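Everything in the sequence shown is counted per the numbering used here, starting at 64 for the first residue and increasing by one.
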Amino acid sequence: MPDIINLLPDSVANQIAAGEVVQRPASAVKELMENSVDADATHVKLIVKDAGRTLLQIVDDGKGMTETDARLSFERHATSKIKTAADLFNLHTMGFRGEALASIAAIAQVELKTKREEDETGTCIQIAGGKFESQEPCAFPKGTSISIKNLFFNVPARRNFLKSDAVEFRHILEEFERVAFAHPHIAFSFTNNGTEVYKLIKGNLKQRIIALYGNPYNQRLVPVDEKTDIVQITGFIGKPEFAKRTRGEQFFFLNNRFIKNGYLHHAVQKAFDQLLAHDSYPTYFLFLDVDPKTIDVNIHPTKTEVKFQDDQSIYAILRSSVKRALGQYNISPTLDFNQEMSMEIPYNRKEMPTAPVIKVNPNYNPFTNNNPSVTAGSYGGQSFAQNEKSIPSNWQEMFDAHVKTEDTRESTLLQGNAEDEVFQQTELKNENEFANAGKLWQLHERYILTAVKSGILVIDQHRAHERILFEKYLRVIENSNAPSQQLLFPETIEFSIADVMLVTDLLEDFSAIGFDLRSFGANTFIVHGIPAGTEEKSCVTLVEGILESYKQNEQELHLQPQENIARSMAKQAAIKAGKSLTPNEMIALIDELFACTMPSHAPDGKPSFINFPIDELDKLFRR
Ligand code: ADP
Ligand code: MG
C-alpha cells in the first residue's frame, strides 16, 4: 500500500486557519484593529461597507512596515511579536500567533499599503485568495492601511453562512467598542456605508465611555481602584439604579485585552447582590492587570477566553473591590466622582445609519442559567423522571380530575382583575364540576399543585403562563390586531447605538403585539402605548427585557423575528415565581394552559408541568 499522508500546501492550511481566526467580518476587524494598536497608532480609522461583506478597511498612523516585512506579514506564523517560546509567557501585545493576516488574505481580496516614517516611499501589496498578485512602491503617509474586499469570496459556504447585515454590523460594532474602550488614549473613528458612526477623540476611560454611550453616563459611573500583588483592578462600575435589563454593558479587560469570563462576571454580580432589581445586569468596565506569566491566553483561538492560575483569589479581590466601590458611593451618594465637564465630552453618537442592525453577543454566563433544581424533579434523593416520559401524551385524560369550566367563565388572570368574589360566584355556579378546585395549592409561590387521577400535577406557574402568552402573542402578531393601551404619560427610553438599530428593525413587530413605540431622534425612543393588560409602571423594563430575550434567542436559536418577539414578550410578561396567586387565578391559569396547543412545555421546550404518579409516591413510602 502506498503512503497516503500529504503535507497540506500553505494556501490550504491558511484557509483552514482562517476558519478559526475569521469567523465573520467582525473577527477581521478585531485582528486588524489590534494590529494597529500594537503598531503604536494614535489614530485608527475603521471603514465598513455592507456590514463588511464588500469592504472592511483599517487605516492607522502606526509605525508601518518595511517592504520585506510587508510581504512577510502575510506568511503563516509571521509575527514580529514573539521570537522564542519563552516570550509567550510574557506577552504585552495583542497578537502573537502571526496568523491573522495570512488567514484573512486566504479568504479575501486584500490590499495593504504601508510606510515607515523613515522610508521615502511606501509599499503596496495586492493579494487575493492567498495568492500574491503584486507589490509595488506607492505614495502613502506614515502608517498602514489594509482593505479587505469581498470577504469569503472564494469560500461560498462561509459567505452564505453570514447572518443578515444587521447582525454582522452589530458584531463589528461590538469589536470596535471593545478595542476603543481598551485604548482610550487612541483616537478611533468608524464609518459605515459612508456615514460616520463614531469619531472618538483621545481621552481617558471615562471620556471614552461617555463618547460611546452618551452623556448620561457622566453621572452613572463609580470608579473602582484596587491594587494587590495578584491583580490590579481599575475602571468603572455603573451605579446600581442604572442597571439595565439588557446585557451588553459588561466589559472585562485583562492586561488591556477584552475577555469574557463567566466566573468573574459572577463575582461582580455578587458584589451588587441585593442592590439590583431582579433580572437586571450591572454595567461595568473593569480592567484587570496581572503578571502575564499567571495566565494562559492561548486556550482560545480568538483569545477572548483566558485561564487564570489563581482564579479564586482574583474572584475574591474583584468582588470585594466592587463592593468597596459601591460602599463608597452609598456613603456619599451626592459626591460626584470627577465628573467630566460636559462641554468637553466628545459625545459622538451620530444619527443612525439607515438600514442595518443588530444583535448582541451576550457574555457567556453560566450563572444566570435557570436554577436546575427548579426543574430536576427529585424527592428524598430519589429522582423521578421529569423528562419526556413524565409528560403524559394523554394529558387531557389525565386531567379529567380537574374539571374544566365552561366558556362562560372568562379568564381573569390575563385581564388582571381577578377578584375572589368572582371566584366564589364561579364556584357556586359550577359547584359540582368544581369539586376539585379547592384542592389547588400554591407551593412556595412558584408551583401549583393539584390532584389528578394518577397522582399529583405540579405546574410551574411562570412557564405555564409563558406558554399561554406565547400562543396568544403569536396569534395577535399573525393578525396584527393586538389592542394597545395608550399611556397617559409616555415614557422615554434610551438605547445603546446597537439597540437603537435593533429596535428600529423590530418596530413593526413591536406594534403588532401592541406597543406604540416611536423614535425621538438619536438614541431615544418614546413609549406611547403598551399591549393592553400589561402593567404600565414597568413599561421601560418590559421593553428592555424583551430586547434582551430577543437578542439571546437570536444568538442561540434560529427563530423567525415574529416568533422571537412573541417568545420574548411572553417571557417578560409572564407571572414570575414569587407571585402569590388567588385560587381563581390558579384555575384560570390551568384552564388556559390546557387550552393551548402545546400545554406541556414552555416555549423554550422546558416542561411546564410534571405529573408525579401516585405509585412513585407509594414506592417512596415502601422503602
Ligand atoms: P500577529 O499580530 O499575531 O503578529 P498578524 O498576522 O496579525 O500576526 O500580523 C503579522 C505581522 O504584521 C505583525 O506581527 C506585525 O509585525 C505586522 N503588522 C500587521 N499589521 C500591522 C500594522 N497595522 N502596522 C504595522 N505592522 C503590522
Ligand atoms: Mg495580529
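Using N, Cα and C, we set each Cβ at its ideal position, and we do this for glycine too. None of these values were measured; they are calculated from a predicted model.
Asked                                                                                                                      : Found
Contact check, Ile249 vs Val100, beta carbons under 9 angstroms                                                            : yes
Own chain residues within Cβ distance below 7 angstroms of Ala245, not counting five before or after                       : Phe316, Asn319, Arg320, Phe321
DSSP three-state assignment for Asp523, whether helix, strand or coil                                                      : strand
Check: Leu109 C-beta below 8 angstroms from any heavy atom of the ligand MG                                                : no
Close-in-space but distant-in-sequence residues of the same chain around Glu199 (CB under 8 angstroms, 5 per side omitted) : Thr186, Cys187
Close beta carbons around His507, own chain, < 7 angstroms, minus the five adjacent residues each side                     : none
Under 9 angstroms between C-beta atoms of Phe60 and Ile358                                                                 : Here the chain comprises residues numbered 64 to 686, so residue 60 is not present and cannot be evaluated.
Rounded separation between Phe583 and Ala163 - CA only                                                                     : 41 angstroms
Start-to-end residues for the alpha helix (DSSP H) that takes in Arg222                                                    : 219-224
N- and C-terminal bounds of the alpha helix (DSSP H) containing Lys93                                                      : 88-101
Cβ contact (3+ pairs, closer than 8 angstroms) linking the region 287-305 and the region 584-603                           : no
Per DSSP, cross-strand counterpart(s) of Ala191                                                                            : Gln172, Lys194
Proximal residues to Thr117 (C-beta, below 6 angstroms), its chain only, five neighbours per side dropped                  : none
Pair within 9 angstroms by beta-carbon distance, Pro624 and Asp572                                                         : yes
Three-way DSSP call (helix, strand, coil) for Ile272 in this model                                                         : helix
Straight-line Cα distance separating Ser663 from Pro670                                                                    : 6 angstroms
Proximity test, Ala80 beta-carbon vs the ligand ADP heavy atom, cut-off 8 angstroms                                        : no
Selection from His341, Lys144, Ala91 that minimises the alpha carbon distance to Asn213                                    : Ala91
Assigned secondary structure, Ala340 (DSSP; H/G/I helix, E/B strand, else coil)                                            : coil
Close Cβ partners of Asp292 (< 8 angstroms) along its chain, the five nearest in sequence each way excluded                : none
Glu655, buried or exposed, once every other Cβ within 10 Å from all chains shown has been counted against 16               : buried
Same chain, Cβ closer than 6 angstroms to Gly192, five either side skipped, listed in chain order                          : Asn217
The region 672-684 touching the region 517-525, judged by at least three CB pairs closer than 8 angstroms                  : yes
Near the ligand ADP: Asp101 beta-carbon under 8 angstroms from a heavy atom                                                : yes
Tyr536 versus Ser612: straight-line alpha-carbon distance, rounded                                                         : 15 angstroms
Three-state secondary structure assigned by DSSP to Leu644                                                                 : coil
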